[in-house]
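Numbering (full-length UniProt numbering), first residue to last: 1 to 57.
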């Protein structure tokens, strides 16, 4: 099991690149660190969660 600590702003593309570069295995965890909750950061976090579910199940 690996824990990936990801800083997340309004853009999720850097997190997506890291995930696709390293891959995720069953049991791996993503910890998202962000600033204050804003609609943009919420959207980025939602996109990243959906991306991980869709491509890494």
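Positions of the beta carbon are idealized from the N, C-alpha and C atoms, including for glycine.
C-beta contact flag for residue i and residue j at 8 Å
{"i": "residue 4", "j": "residue 41", "result": "no"}
{"i": "residue 28", "j": "residue 7", "result": "no"}
{"i": "residue 24", "j": "residue 56", "result": "yes"}
The alpha helix (DSSP H) enclosing residue i, as first and last residue numbers
{"i": "residue 10", "result": "Where residue 10 is concerned, there is no enclosing alpha helix (DSSP H), given that its DSSP letter is neither H nor E."}
{"i": "residue 43", "result": "39-56"}
Whole-angstrom C-beta distance between residue j and residue i, which should lie under 8 Å
{"i": "residue 19", "j": "residue 52", "result": "7 Å"}
Continuous beta strand (DSSP E) stretch holding residue i: start and end
{"i": "residue 29", "result": "29-33"}
Residue burial classification, residue i (beta-carbon count within 10 angstroms, cutoff 16)
{"i": "residue 50", "result": "exposed"}
Opposing strand residues paired with residue i [DSSP bridges]
{"i": "residue 4", "result": "30"}
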